[in-house]
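Enquirer: The structure follows.
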Amino acid sequence: MKSAVVLLPGLNRDRDMIAALTKISGKAPVTVWQTDTEIPEVDLIAIPGGFSFGDYLRCGAIAARMPVLRAVAEKAAKGVQVVGVCNGFQILVEAGLLPGALMRNTSLKFVCREVKLEIANANTAFTRNYSAGQVIRCPVAHHDGNYFADPDTLKRIEGEGQVVFRYAEGTNPNGSVNDIAGIINDKGNVLGLMPHPENLIEAAHGGEDGRALFESALGLSKAA
Amino acid sequence: MPVIKARVTVTLKNGVLDPQGKAIEHALDGLGFGGVGSVRQGKVFDVEIEGADKAKAEADLNAMCEKLLANTVIENYSVTLI
């Protein structure tokens, strides 16, 4: 399975994402730069975390208007899987590829810690190697992860199973409504989440709870 | 070349939690300013546009708000020519 990683100035988790995809798929992802207008044929496009364009205006706002994001939108419309992590999630909502918005944490503080995540929907291309209701560990590191959507949108995404990850066991680090940590689009091929599964994929990370997300998306069966 | 000056104001919609506004509100209270009911934080953009066509400038500014300056999921905007 082939993958691509989107590079933008100010991202800082791109190497982690490239390392995770390389280790899990056995093949290095291609990288695409912000000004690229075409993305090669791949099965999965990943937008990593960081602080694209210094978080100027709003987190992800400038990145979402770059040519490469138009290319991502075209691929997403054709059914290619897209995952945005942290700033990548913020970019996807700013680009209108996912509903809602990510606002300043209610604590007003940057949070860098481990949280518990409940798999709220295991019936997606990104979570099929998890089981519904399973609780996993995952690191978070962000200042603006407080998910917000208007009541109608919230009702719709909750009703349609588009909430894929929820902060569990009282570990909501940012005040996110309904403890939402990650959502998927209505077509089921664009996922955004604030936590960093790419930073928990092997023993050297202290666990591999995030690995199944990439194995699911890459069409690999669960590691024994 | 004539220049049209405009001020764009972006504010959070009603019902959207504003933790920064809340923190400012508490800080004002701490400074002894009693009776501050609520503070909402927003953004102001002063934009200069070349040309003299005010109607076009206003239409462009509204489009700029829709496309970039405001996130209409959570924010309202207003455009004033000055």
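Taken in sequence, the protein lines are chains A and B.
First residue of the first sequence? That's 382 in my numbering, and the numbers climb one at a time after it.
First residue of the second sequence? That's 25 in my numbering, and the numbers climb one at a time after it.
We put the CB at the ideal spot given by N, CA and C, even for glycine.
Being a predicted model, the structure only gives us computed values, none of them experimental.
#1: So which residues on chain A does ASN95(B) lean against when the C-beta distance must stay under 8 Å?
#2: Excluding sequence positions up to five away, which residues of its chain have a Cβ less than 7 Å from the Cβ of ALA501(A)?
#3: Answer with yes or no whether the minimum CB distance from VAL107(B) to chain A is below 8 Å.
#4: Less than 8 Å between CB atoms is the rule here; does LEU92(B) satisfy it with respect to chain A?
#5: Assuming ALA562(A) and LEU498(A) make a contact with CB atoms under 8 Å, what is their CB distance in whole Å?
#6: Return yes when the Cβ of THR416(A) is within less than 8 Å of the Cβ of PRO448(A), no when it is not.
#7: Compare the C-alpha of GLU422(A) against each of HIS523(A), ALA442(A), ARG537(A), ALA452(A) and name the closest.
#8: Since ARG446(A) meets chain B, which of its residues come closer than 8 Å, beta carbon to beta carbon?
#9: Taking its Cβ as the centre, do 16 or more other Cβ atoms sit within 10 Å of TYR101(B), making it buried, or is it exposed?
#10: Our contact map puts ALA30(B) next to VAL71(B) with C-beta atoms below 8 Å; I'd like the distance itself, whole angstroms only.
#11: Is ASP531(A) helix, strand or coil by DSSP?
#12: Where does the unbroken alpha helix (DSSP H) through GLU455(A) begin, and where does it stop?
#13: Could you tell me the alpha carbon to alpha carbon distance between ALA51(B) and ALA522(A), rounded to whole angstroms?
#14: Report the three-state DSSP secondary structure of ALA605(A) (helix, strand or coil).
#15: Determine the direct distance from the alpha carbon of GLU596(A) to that of VAL461(A), and round the result to whole angstroms.
#16: Step through the CB atoms of chain B and report whether any lies within less than 8 Å of the CB of THR552(A).
#17: Is GLU72(B) helix, strand or coil by DSSP?
#18: Judging by CA-CA distance, which residue of SER602(A), LEU601(A), LYS603(A), ASN570(A) is the nearest neighbour of LEU478(A)?
#19: Helix, strand or coil for GLU99(B)? Go by DSSP, reduced to three states.
#20: Taking just the CA atoms, how far does GLY542(A) sit from LEU535(A)?
#21: Out of ASN559(A), LEU594(A), ASN566(A), LEU572(A), which one is the CA nearest neighbour of GLU579(A)?
#22: Among the residues of its own chain, which have a CB less than 6 Å from the CB of TYR511(A), if the five just before and after it don't count?
Expert: Let's see:
#1: ARG439, ALA442, GLU475, ALA482
#2: VAL544, VAL545, PHE546, ARG547
#3: There is simply no residue 107(B) to check, as chain B begins at 25 and stops at 106 in what is shown.
#4: yes
#5: 6 Å
#6: yes
#7: ALA452(A)
#8: LYS91, LEU92
#9: buried
#10: 5 Å
#11: coil
#12: 448-458
#13: 27 Å
#14: Caution applies to ALA605(A), whose pLDDT of 47 falls short of 50 and renders its modelled position unreliable; the value that the coordinates give is listed next. Here ALA605(A) sits in coil by DSSP.
#15: 16 Å
#16: no
#17: strand
#18: ASN570(A)
#19: strand
#20: 11 Å
#21: LEU594(A)
#22: ILE500, ALA503, ALA593
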